[in-house]
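In numbering that gives the first Met the number 0, the protein residues as written are 0 to 73. A short worksheet on the structure shown next.
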Amino acid sequence: MEELDLRGVICPYNFVKTKLKLDTLEIGVQLTVLLDDGDPIHNVPTSIMNEGHQVLTQEKVDQYYRIVIQKADL
(Lines of atoms letter the chains of each structure in order from A; the text may use other names.)
(Lines give C-alpha, C1' and ligand atoms only; values in the text may rest on other atoms or scores of the structure.)
Protein backbone atom coordinates (compact mmCIF):
# COMPACT_ATOMS: atom_id res chain seq x y z
CA MET A 0 0.00 0.00 0.00
CA GLU A 1 1.29 3.45 -0.93
CA GLU A 2 1.12 6.40 1.48
CA LEU A 3 0.87 10.11 0.72
CA ASP A 4 1.40 12.60 3.56
CA LEU A 5 -0.45 15.82 2.70
CA ARG A 6 -0.55 17.35 6.15
CA GLY A 7 0.09 21.06 5.82
CA VAL A 8 -0.97 21.12 2.14
CA ILE A 9 -3.86 23.48 1.41
CA CYS A 10 -6.90 22.94 -0.80
CA PRO A 11 -7.11 22.33 -3.70
CA TYR A 12 -3.48 21.17 -3.90
CA ASN A 13 -4.08 18.19 -1.62
CA PHE A 14 -6.76 16.87 -3.99
CA VAL A 15 -4.57 17.51 -7.05
CA LYS A 16 -1.63 15.68 -5.47
CA THR A 17 -3.89 12.77 -4.49
CA LYS A 18 -5.30 12.56 -8.02
CA LEU A 19 -1.82 12.67 -9.58
CA LYS A 20 -0.62 9.89 -7.27
CA LEU A 21 -3.64 7.74 -8.09
CA ASP A 22 -2.85 8.19 -11.80
CA THR A 23 0.49 6.42 -11.23
CA LEU A 24 -1.04 3.40 -9.48
CA GLU A 25 -2.47 0.19 -10.90
CA ILE A 26 -6.23 -0.42 -10.74
CA GLY A 27 -7.27 -1.85 -7.38
CA VAL A 28 -4.22 -0.57 -5.49
CA GLN A 29 -4.93 1.14 -2.18
CA LEU A 30 -3.50 4.54 -1.29
CA THR A 31 -3.32 5.88 2.26
CA VAL A 32 -3.55 9.68 2.44
CA LEU A 33 -2.88 11.77 5.55
CA LEU A 34 -4.92 14.98 5.68
CA ASP A 35 -5.46 17.88 8.04
CA ASP A 36 -8.78 18.63 9.72
CA GLY A 37 -11.08 21.22 8.15
CA ASP A 38 -11.35 21.73 4.39
CA PRO A 39 -8.92 18.94 3.44
CA ILE A 40 -10.84 16.14 5.16
CA HIS A 41 -14.17 17.53 3.95
CA ASN A 42 -13.17 18.12 0.33
CA VAL A 43 -10.64 15.44 -0.66
CA PRO A 44 -12.73 12.30 0.08
CA THR A 45 -15.77 13.79 -1.67
CA SER A 46 -13.74 14.83 -4.70
CA ILE A 47 -12.06 11.41 -4.88
CA MET A 48 -15.45 9.66 -4.82
CA ASN A 49 -16.72 12.06 -7.51
CA GLU A 50 -13.78 10.89 -9.64
CA GLY A 51 -15.08 7.32 -9.28
CA HIS A 52 -12.60 5.96 -6.73
CA GLN A 53 -13.65 4.33 -3.46
CA VAL A 54 -12.84 5.67 0.01
CA LEU A 55 -12.51 2.50 2.09
CA THR A 56 -11.78 4.03 5.51
CA GLN A 57 -11.53 7.43 7.11
CA GLU A 58 -10.22 7.74 10.66
CA LYS A 59 -8.99 10.50 12.94
CA VAL A 60 -5.45 9.97 14.24
CA ASP A 61 -4.32 12.61 16.76
CA GLN A 62 -4.62 15.97 14.94
CA TYR A 63 -5.00 14.61 11.40
CA TYR A 64 -7.00 12.09 9.39
CA ARG A 65 -5.98 8.93 7.55
CA ILE A 66 -8.07 7.86 4.58
CA VAL A 67 -7.60 4.75 2.47
CA ILE A 68 -8.58 5.02 -1.18
CA GLN A 69 -8.89 2.17 -3.66
CA LYS A 70 -8.16 3.10 -7.25
CA ALA A 71 -11.07 2.33 -9.55
CA ASP A 72 -11.08 1.13 -13.14
CA LEU A 73 -11.93 4.39 -14.86
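Idealized CB from N, CA, C, for every residue including glycine.
| Query | Result |
| --- | --- |
| Cβ-based burial, T17 [other Cβ within 10 Å; buried from 16] | buried |
| CB-CB length for Q57 against I66, believed under 8 Å | 5 Å |
| Assigned secondary structure, L19 (DSSP; H/G/I helix, E/B strand, else coil) | helix |
| Three-state secondary structure (DSSP) of V54 | strand |
| Between the CA atoms of L5 and Y12 - distance to the nearest angstrom | 9 Å |
| Option nearest P39 by Cα separation, candidates E1, G51, K59, V28 | K59 |
| Close-in-space but distant-in-sequence residues of the same chain around G27 (CB under 7 Å, 5 per side omitted) | Q69, K70 |
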